[in-house]
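Peer 1: Under full-length UniProt numbering, the sequence shown is numbered contiguously, ending at residue 238.
All C-beta atoms in this analysis are idealised placements derived from N, C-alpha and C, irrespective of residue type, glycine included.
Treat the numbers as computed from the prediction; the structure is a model and nothing was measured.
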Amino acid sequence: MQKRVLIVDDEPHILTLVSYHLAKEGFEVTTVDDGRSALDLGQGQPFDFIVLDIMLPQLDGVEVCKRLRKGGIETPILMLSAKGEEFDKVLALELGADDYMTKPFSPRELLARIKAILRRTEKNQLSELPQEEDQSDTKFQVADLSVYLERHQIYKADREISLTPKEFELLVYLLKHPRMTLTRERLLERIWGYDFGQETRLVDVHIGKLREKIEDNPKAPAIIKTVRGYGYKFEGDK
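1. Mind checking whether Val18 and Val64 have CB atoms under 9 Å apart?
2. For Leu210, which residues of its own chain have a beta-carbon under 7 Å away from its beta-carbon, when the five flanking residues on both sides are left out?
3. Return the residue from the list Leu175, Ala143, Tyr230 and Asp34 that minimises the CA-CA distance to Leu149.
4. Just to check my reading of the structure: Pro76 and Phe105 have Cβ atoms closer than 8 Å, yes? What is that Cβ distance to the nearest angstrom?
5. Less than 9 Å between the beta carbons of Asp98 and Ile117, yes or no?
6. Please report the distance separating the alpha-carbon of Pro165 from that of Lys24.
7. Can you look up Leu52 in the DSSP assignment and give me helix, strand or coil?
8. Since Gly35 and Pro57 should fall inside the 8 Å C-beta cutoff, what is the C-beta to C-beta distance between them, to a whole number of angstroms?
9. Quick one: which unbroken alpha helix (DSSP H) runs of 4-plus residues sit fully inside the UniProt DNA-binding region "OmpR/PhoB-type" (137-236)? Chain order, please.
10. Taking Cβ positions, are Leu59 and Val32 nearer each other than 9 Å?
11. Hey, would you say Leu182 sits closer than 9 Å to Gly231, going by beta carbons?
12. Please report the distance separating the alpha-carbon of Arg201 from that of Leu80.
13. Under 6 Å Cβ to Cβ from Leu22, same chain only, skipping five residues before and after it: list those, please.
14. Whose C-alpha, out of Ile54, Val203 and Phe234, is nearest the C-alpha of Arg186?
15. Going by Cα to Cα distance, which pick from Lys103, Leu188 and Asp10 is closest to His206?
16. Do Leu78 and Val51 come within 9 Å of each other at the CB atom, strictly closer than that value?
17. I need the DSSP call for Thr75, collapsed to helix, strand or coil.
18. What is the DSSP secondary structure of Leu95, reduced to helix, strand or coil?
19. To the nearest angstrom, how far is it from the Cα of Met1 to the Cα of Glu122?
20. Under 8 Å Cβ to Cβ from Gly71, same chain only, skipping five residues before and after it: list those, please.
21. In three-state DSSP terms, what is Glu132?
22. Quick check: Leu95 and Lys66, are their CB atoms within less than 9 Å of each other?
23. Would DSSP call Leu80 helix, strand or coil?
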């Protein structure tokens, strides 16, 4: 079954270029050139992926992303922009985007990122299917955190915490490598499925979001420690 991709950009040559490469790989492509149309389509039609530019007429891409996520739309979103400031990347990710690329970009790299995110999304969807009654759910217990792998659920002191699929996958990877210092590059490769060293900020943003949800004091984390100049370490039980 063809994957449906919505491409949103106000530059005709970008729409043509991305559409060509995606269609060549077997994707069903829909294109629009303004934010209002993107929001309407994203809310009203079932897409498997959205490529969304930030600078758009009528409604900017950041606002489109924000409204889609607020409306419960979990379709993976990769944002594009000619703006390369770190602020834009962090803002996009904090609002729920799955990835970010700066123009000009390589169509091959864009395609690789889309495929990697779709693979992870499919894997997460499969793992969330109902389990047979005689199957036990693997559980990790870390301090007051209870993490159930098969159910994709996490509780902190009996209160369920909502994690995005990416946050959950990152947390589980850290859980499975306790007290091991992991580089940002390694986490980027294992969790995001590709190795583009310049985008390690993706890791930092998601670690920050995880800390806000699982740490008693995110500003002085006790579970996910920063190893300065290297990466992160999961401390495990105290």
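Peer 2: A quick look at the data gives this:
1. The residue labelled residue 18 in the question sits at position 18 within the sequence shown. The residue labelled residue 64 in the question sits at position 64 within the sequence shown. No, Cβ-Cβ distance for Val18 and Val64 is not below 9 Å.
2. To locate residue 210, count along the sequence shown from 1; it is residue 210. Counting only Cβ-Cβ distances below 7 Å, and skipping sequence neighbours, we find Glu167, Leu170, Leu171 and Ile224.
3. By 1-based counting over the sequence shown, the position of residue 149 is 149. Nearest C-alpha to Leu149 among Leu175, Ala143, Tyr230 and Asp34: Leu175.
4. In the sequence shown, counting from the first residue as 1, residue 76 sits at position 76. In the sequence shown, counting from the first residue as 1, residue 105 sits at position 105. No, Pro76 and Phe105 are not in contact; Cβ-Cβ is about 17 Å, not under 8 Å.
5. Taking the first residue of the sequence shown as 1, we reach residue 98 at position 98. Taking the first residue of the sequence shown as 1, we reach residue 117 at position 117. In terms of Cβ geometry, Asp98 and Ile117 form a close pair [threshold 9 Å].
6. In the sequence shown, the residue the question calls residue 165 occupies position 165. In the sequence shown, the residue the question calls residue 24 occupies position 24. C-alpha separation (whole angstroms): 28 Å.
7. Counted from its first residue, the sequence shown places residue 52 at position 52. Leu52: strand per DSSP, three-state reduction.
8. Taking the sequence shown and counting its residues from 1, one reaches residue 35 at position 35. Taking the sequence shown and counting its residues from 1, one reaches residue 57 at position 57. Contact holds; Cβ gap of about 7 Å.
9. Counting only runs of 4 or more, we get 165-175, 184-192 and 201-214.
10. Looking up residue 59 in the sequence shown gives position 59. Looking up residue 32 in the sequence shown gives position 32. The answer is no: Cβ separation not under 9 Å.
11. Reading the sequence shown from its first residue, position 182 is the one you call residue 182. Reading the sequence shown from its first residue, position 231 is the one you call residue 231. By the CB criterion at 9 Å, Leu182 and Gly231 fall inside the cutoff.
12. Against the sequence shown, residue 201 aligns to sequence position 201. Against the sequence shown, residue 80 aligns to sequence position 80. When only Cα atoms are considered, Arg201 and Leu80 end up about 16 Å apart.
13. On the sequence shown, residue 22 is found 22 positions in, with the first residue counted as 1. In its chain, beyond the 5 residues on either side, Val5 and Val29 have a beta carbon closer than 6 Å to the beta carbon of Leu22.
14. Position 186 of the sequence shown, counted from the start, is the residue given in the question as residue 186. Cα-wise, what sits closest to Arg186 is Val203.
15. The sequence position of residue 206 within the sequence shown is 206, counting from 1. Checking every option, the nearest Cα to that of His206 belongs to Leu188.
16. Counted from its first residue, the sequence shown places residue 51 at position 51. Counted from its first residue, the sequence shown places residue 78 at position 78. With respect to Leu78, Val51 sits close: the two C-beta atoms are nearer than 9 Å.
17. If you number the sequence shown from 1, residue 75 lands on position 75. DSSP places Thr75 in coil when its eight states are reduced to three.
18. If you number the sequence shown from 1, residue 95 lands on position 95. Three-state DSSP puts Leu95 in coil, outside helix and strand.
19. Indexing the sequence shown from 1 puts residue 1 at position 1. Indexing the sequence shown from 1 puts residue 122 at position 122. As the crow flies, the alpha-carbon of Met1 is around 13 Å from that of Glu122.
20. Taking the first residue of the sequence shown as 1, we reach residue 71 at position 71. Answer for Gly71: Gln43, listed in chain order.
21. Locating residue 132 in the sequence shown gives position 132, counting from the first residue. A caution first: Glu132 carries a pLDDT of 46, below 50, which makes its placement in the model too unreliable to give a value.
22. As a first step, residue 95 must be located in the sequence shown, where it is residue number 95. As a first step, residue 66 must be located in the sequence shown, where it is residue number 66. Yes. Within cutoff.
23. To locate residue 80, count along the sequence shown from 1; it is residue 80. Of the three classes helix, strand and coil, the one that applies to Leu80 here is strand, per DSSP.
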